[in-house]
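If you want it as structure tokens, here you go:
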């Protein structure tokens, strides 16, 4: 791979996937086959707002370098839309739709929602070339219960019960339907899941996946992702999840507690890849929010995906007495996208510079590239008296966003100040919060934080992936190029600061 050091196509993110043109939302059809990661996605290439979605398509061999392809599944007419869904590899030709000339790894089946006014059905399409060209099944739909809000199927192979299992949202009934099939064509109802947690306006984008334990890949736990929108606690849309058991018929939550997959405003519709190598769980989310996704600044395209994440589960302390088995989210390895460090651009002030008598500037770096993409890590020691660490992320015009870490004896509050006054953005929306905040409990002596900035997407991971916090921001007059860290009372280490650049095939 080679690095493209100076690409900045209209402030397009360097590493977060974006569509070539048009409006993008939910990730769809995630499947891995023959060394290639396929990402399909909801795409309206007619304009820059949601409406009339079809399936866009991109591929990657490393989850960082993406190649755009022609639309994979097109709507049959202007009165129909291809809503969200999934893909599987039908290696054993359970559907009976592939001939012997099609290699087992090329037998890709898409399962998706066909939307018409007042009616949603589950349809399928077949690809014999590894997922590039699809032909709709001539006897569609394969599942129709006559409802108007019945969508977003996710299918997996359940080996113990020797069947395909579909989870699908019964949106306004606040249920997740479970269906079984021997052949991806004939489906029968297995059960419905009704969990506690946030209901909001409707359920969307369910996703059932086995996730390995953090310390033992042979041990696994079932995780059911479920997206809500609108009606999230922070406003708009978000993704919650349940940890439990699945026996081939029924999903049973261990405790029915609400768990939030990402505590920021901009991570939605989480999906995982089918057939991920080595039995690991990799997933991705849409880095936006239905509150304002149609209004954020855009020219040729609108919105981005998050970085792909590797999921595990681990017991996470909630306080001194209670632990909870929780989803652990870590971004994929970015080492191939890191530019060599330039010491001349790095300044460790060791407190010699001061913002005020009580606030020390401990680190500053001016980025050499123009991509607006970089990452850094912090170790913030736990304290009993209030302490504060501030990270200012600024562009050459002085516009900035700010991350604040406020630590006391109960935990650490993390906030992002992305308001219009600070960023200078001429764009504004009443639901695009000026400040977004999350909290991490005081259960460790050092708070570890990993932050990735990519033009207008900020992904933050704390306590080795136990907490994720994804938010977008929009700076006026250029991308971020300066990182400044200051502290008051706190004891902070700044390390692993790298500029990040787009990659291209050598």
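In my numbering, the protein residues as written are 1 to 506.
By construction, the Cβ of each residue, glycine as well, lies at the ideal position given by its N, Cα and C atoms.
Distance from the CA of residue 37 to the CA of residue 154, rounded to the nearest whole angstrom, comes to 17 Å. Looking at the backbone, the Cα of residue 206 and that of residue 163 are separated by about 19 Å. Scanning the stretch 419–447 from its first residue to its last, the whole beta strand (DSSP E) runs of 3-plus residues come out as 435–441.
Judged by their CB atoms, residue 208 and residue 224 are nearer to each other than the 9 Å cut-off. The beta-carbon separation of residue 362 and residue 483, rounded to 12 Å, does not stay under the 8 Å limit for a contact. In its chain, beyond the 5 residues on either side, 178, 249 and 250 have a beta carbon closer than 6 Å to the beta carbon of residue 191. Exclusion of the five residues before and after residue 418 leaves 401 and 473 as the residues of its chain whose Cβ lies within less than 6 Å of its Cβ.
When beta bridges are read from the DSSP output, residue 462 appears opposite 449 and 467.
In the three-state reduction of the DSSP assignment, residue 266 falls in the coil class, being assigned neither a helical nor a strand state.
It is roughly 20 Å from the alpha-carbon of residue 201 to the alpha-carbon of residue 432. Taken in chain order, the whole beta strand (DSSP E) runs of length 3 or more contained in the stretch 108–140 are 108–116 and 119–127. Shown here, residue 45 sits in coil according to DSSP, grouped into three states, outside any helix or strand. The C-alpha of residue 126 is placed about 6 Å away from the C-alpha of residue 110. The Cβ atoms of residue 312 and residue 268 do not sit closer than 9 Å to each other. Between residue 228 and residue 282, the CB-CB gap reaches or exceeds 9 Å. Cβ-Cβ separation between residue 151 and residue 213: approximately 32 Å, too far for a contact (criterion under 8 Å). With respect to residue 91, residue 105 sits close: the two C-beta atoms are nearer than 9 Å. If you ignore the 5 residues before and after residue 47, its C-beta comes within less than 8 Å of the C-beta of 22 and 23, all in its own chain and listed in chain order. Beta-bridge analysis with DSSP links residue 271 to 284. Under the 8 Å Cβ criterion, the stretch 497–505 does not count as touching the stretch 298–307, having fewer than three qualifying pairs.
Spanning the alpha carbons of residue 57 and residue 266 requires a straight line of approximately 22 Å.
Per DSSP, residue 154 is one residue of the beta strand (DSSP E) stretching across 150–158. The residues 399, 400, 401, 473, 474, 475 and 476, in chain order, have a CB closer than 8 Å to that of residue 423 in the same chain once the five nearest residues on each side in sequence are set aside. Boundaries of the beta strand (DSSP E) around residue 57: 54–60. Residues of the same chain with a CB within less than 6 Å of the CB of residue 41, apart from the 5 flanking positions on each side, are 24, 27, 28 and 56 in chain order.
Counting C-beta pairs with one atom in each stretch, the stretch 461–473 and the stretch 322–339 have three or more that are closer than 8 Å, which means they touch.
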